[in-house]
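Below is one structure; the comments refer to it alone.
Residue numbers (our numbering), protein chains in the order written: chain A, 1 to 274; chain B, 275 to 555.
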């Protein structure tokens, strides 16, 4: 008789049945409780949602081209000018932000930072920067620098910087410590350890993160115009205000295609890098 | 040694009652006193965990002793600041079991790393190495027999070749002292013997004090002028390698000698190895 052929009902020699998984059920109850609480607090109402359904459908219908409201294709050149501005903003932000991050991340990596104090301060700064949402950053800079692409670019620099510095600092902490030790043994300084032994090891990752920052930046740059920080969001916001929904639809479609293309291209290149 | 002056003249490195206790409480070295002279080729043997690695890492202060003094060129390195320490390290070459090359960088750039402590920082960071230093790097590569690999990426080389790049890096420091931490543990027997021969020849030609950690007793017997045996952080043997018997090693290891304590394959060296010893030419 094979060892696993145990007669039904005979549980001898088997591990005892695990206790009732009350933790899982408790978690479920808590989650639904919190959901209920927040729904009541914010006035989410399924009935309103159901009644507004036709409104939602008709709105999307107006965004899409139809016989009486065709997409104004003569508007396309204007959109493309703004789109190009958006991409330029994203590119400048990604490149400048990543270049700054390349230096800053050295302080945020435990194995390279010159002392615990530098490390802790760098990490705290990195975490702080990443807590501020892109739109708030853009609003802030638009207030300081005025309306236009400049505050947008500055916001995107900060965004890319926070993203790349954090990712790169984490990657640096996982590198092979051997070459670092070799440079130390040869009398190299902290900075020489970074330049000769650490950064060459993470160069492909750095390029991948820069591309990723560019990707994220294109998406952010598209909406930064809503707060007056330049790019395609500027005209999107204006046309929304004038309720010119065919134009809005065309803009959104353009953004959609662009983001899709750039994401695809960037992902393809990143795969080849690492 | 009768007084401090004679110690300075006759020895290059002196350990005075050196102990090392790691933060976790492990005592890696216990009251070690040793003197090393220029040109000596020394094998440090012992079981893993006996303190071999800690001992040689104390010489360039990759490990900071918790007690005692270490004199290099007559100067106590245990009290040195970062800048002074770097000038001492500048003349101490080191090679490692895993070569510790920057795999994505070119062979030449790896070798040039040996010049870091000899040059001003603005030159090393911008990569503007003076012609004389480039020349030195190429000559080092010639000495280990792979000048044609200079512009290849380090990770395109075989293990034996990578260890030669590491030796070239150390040579480029124009060192007085060479430290080798298990330099042949990752290599096959013929390549291992070749690397040991290369190290031995370099030590002779350059009058280099060479400290090599080994756990293969036959290699220690064959190559070392002097063998230092460590057991649980204490020096339990210090004498010439040539006359050592298995009983000596069994005393160091505190157990019987096993087949894996021997590298072996001495007989096939010179016939089956494709790469002739570069330094023998």
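Where a beta carbon is used, it is the ideal one built from N, C-alpha and C, also for glycine.
If you check the beta carbons only, do residue 277/A and residue 208/A fall under 8 Å apart?
-> Nothing in the structure corresponds to residue 277/A, since chain A is present only between 1 and 274.
Same chain only: Cβ atoms within 8 Å of residue 333/B, ignoring 5 sequence neighbours per side | 287, 344, 346, 366, 451, 453 and 485
My understanding is that residue 429/B touches residue 491/B, with C-beta atoms under 8 Å, so please give their C-beta distance in whole angstroms.
-> 32 Å between Cβ atoms; not a contact.
Output the residue ranges of the beta strand (DSSP E) runs that lie fully inside the region 113-180 of chain A and measure 3 residues or longer, sorted by chain position.
-> none
So the beta strand (DSSP E) residue 508/B belongs to, where does it begin and stop?
-> 508-514
Inter-residue CB distance, residue 222/A and residue 232/A (contact presumed, cutoff 8 Å) = 5 Å
Does DSSP classify residue 335/B as helix, strand or coil?
-> coil
If we count the other Cβ atoms within 10 Å of its Cβ and call it buried at 16 or more, is residue 269/A buried or exposed?
-> exposed
Distance CB(residue 285/B)-CB(residue 309/B) smaller than 8 Å | yes
Can you give me the start and stop residues for the beta strand (DSSP E) that residue 368/B sits inside?
-> 366-370
Any C-beta of chain A under 8 Å from that of residue 307/B = no
Which partner residues does residue 503/B have in the DSSP bridge list?
-> 319/B and 511/B
Roughly how many angstroms lie between the CA atoms of residue 407/B and residue 397/B, to the nearest whole one?
-> 11 Å
Quick one: does residue 200/A have its CB under 8 Å from some CB of chain B?
-> yes
Residue 537/B by DSSP, collapsed to three states: which one?
-> coil
Where the alpha helix (DSSP H) through residue 244/A begins and ends | That residue, residue 244/A, is in no alpha helix (DSSP H); it is neither H nor E in DSSP.
What did DSSP end up calling residue 48/A once you bin it into helix, strand or coil?
-> helix
8 Å Cβ cutoff, residue 291/A in contact with chain B | Chain A is shown only over 1 to 274; residue 291/A falls outside these bounds and no answer can be derived.
Just the chain A side, please: which residues come within less than 7 Å of residue 379/B by C-beta, in chain order?
-> 200
Within-8 Å CB hit, residue 113/A to chain B = no
Rounded distance between the beta-carbons of residue 33/A and residue 148/A, thought under 8 Å = Wrong, their Cβ atoms sit about 47 Å apart, outside the cutoff.
Can you find a C-beta in chain B that's less than 8 Å from the C-beta of residue 161/A?
-> no
Do you know how far the Cα of residue 212/A is from the Cα of residue 267/A?
-> 8 Å
Are residue 97/A and residue 56/A closer than 8 Å when you measure CB to CB?
-> no
Using the Cα positions of residue 503/B and residue 458/B, report the straight-line distance between them to the nearest angstrom.
-> 18 Å
Can you find a CB in chain B that lies within less than 8 Å of the CB of residue 92/A?
-> no
The beta strand (DSSP E) enclosing residue 304/B, as first and last residue numbers | 301-310
Could you run through the region 376-400 of chain B and flag, in chain order, every residue whose CB is less than 9 Å away from some CB of chain A?
-> 376, 377, 378, 379, 383, 384, 386, 387, 388, 389, 390, 391, 392, 395, 398 and 399
Own chain partners of residue 447/B with C-beta closer than 7 Å, once the 5 adjacent residues on each side are dropped = 364, 365, 367 and 388
Quick one: is residue 202/A buried, meaning 16 or more other Cβ sit within 10 Å of its Cβ, or exposed?
-> buried
State the Cα-Cα distance for the pair residue 293/B and residue 137/A, rounded to the nearest angstrom.
-> 55 Å
Neighbour list for residue 254/A in chain B, Cβ cutoff strictly below 9 Å | Under the 9 Å cutoff, chain B gives no residues; its nearest Cβ is about 40 Å from residue 254/A.
State the start and end residues of the unbroken beta strand (DSSP E) segment that holds residue 454/B.
-> 451-455
Inter-residue Cα distance where the pair is residue 69/A and residue 127/A | 47 Å
Interface residues of the region 406-419 of chain B facing chain A [CB-CB below 8 Å] | none
Is it a yes or a no for the region 348-363 of chain B touching the region 524-535 of chain B, going by three-plus beta-carbon pairs under 8 Å?
-> no
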